[in-house]
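Peer 1: Under this note's numbering, the first residue of the sequence shown carries the number 91, and numbering increases by one thereafter. Dumping the structure here so I can ask a few things about it.
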Amino acid sequence: QSRSSAASDVYKRQELLRLILEASGSNYEYEPLHPSDWGTFKPQTPFGQLPILSTPDIGTIPQSMAIARYLAKKFNFYPTDLKEQVRVEVALEAIRDIADGILQIVADDDFQKLKVSHAKKVEAQLQYLEKFLSENSTASGYVVGDKPTLADLQAFNILDNFVKPLYPEILKGFPGVVALKAKIASIPNIQEYLKSERRPAVTLPGFAKALNTPEECQ
């Protein structure tokens, strides 16, 4: 059993971790932390940040991507072949670029204007991702090989929680990217998770200029 803690039941770098745990069918305990408790809890964290993962085998793990890679390797969502690992890491960086760009504009008071101007960048980023997926030698539709990896789960996370709600028409123009999202959503454990109350109803906290209501996150 694993336990994760996070400041609130929203994205904040934790959704990828949930997707890995859910996809693997793991028994885990999620411990949300109320913002008013953060001052007391913060000194107990290794780097003054959340999320953290408490594990029975190696103790507390901080830093979201360190947690993600640990879970991915533990539950076979990370390849053992070095060349395949490179493809996973390249895809993770490309997907992070998409997420970082969107996170930047949703924090801005001029979000509505920036959303329009940012559309071309999202379209270009998805075009690169579409090409990258097509270069998988197995033609499986995944980032590498013929089964989902950490990179595929992160792609689903960013596509479903950020790109789809904000740029649905642009997303539709990339069939390989759409197909990857659908493949992850069809994994039985993920399918069940997406319908459950365990999935956060909103993607971002209230101070964001978008994706902070259930209606916006559909």
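Cβ atoms here follow ideal geometry from the backbone N, Cα and C, with glycine treated the same way.
Please name the residue or residues paired with I151 in a DSSP beta bridge.
Peer 2: Paired residue(s): L143.
Peer 1: Kindly indicate which three-state DSSP category P278 falls into: helix, strand or coil?
Peer 2: Here P278 sits in helix by DSSP.
Peer 1: Can you tell me whether F252 is buried or exposed, with buried defined as 16 or more other CB within 10 angstroms of its CB?
Peer 2: Under this definition F252 is a buried residue.
Peer 1: Counting C-beta neighbours from all protein chains within 10 Å, is the total for S276 16 or more, i.e. buried, or is it exposed?
Peer 2: Answer is exposed; the Cβ neighbour count stays below 16.
Peer 1: Give a yes or no on whether the minimum CB-CB distance between L294 and chain B is below 8 Å.
Peer 2: In the structure shown, chain B does not exist; there is a single protein chain.
Peer 1: Please report the distance separating the alpha-carbon of Q202 from that of P146.
Peer 2: Roughly 46 Å separates the two Cα atoms.
Peer 1: State the DSSP-derived secondary structure class of Y160, mapped to helix, strand or coil.
Peer 2: Of the three classes helix, strand and coil, the one that applies to Y160 here is helix, per DSSP.
Peer 1: Please go through the same chain and pick out, in chain order, the residues whose beta-carbon is closer than 7 Å to the beta-carbon of I151, but skip the five residues on each side of it.
Peer 2: Answer for I151: I142, L143, T145, I157 and Y160, listed in chain order.
Peer 1: Quick check: the Cα distance between I185 and F246, rounded to an integer number of angstroms?
Peer 2: I185 and F246: Cα-Cα distance of roughly 10 Å.
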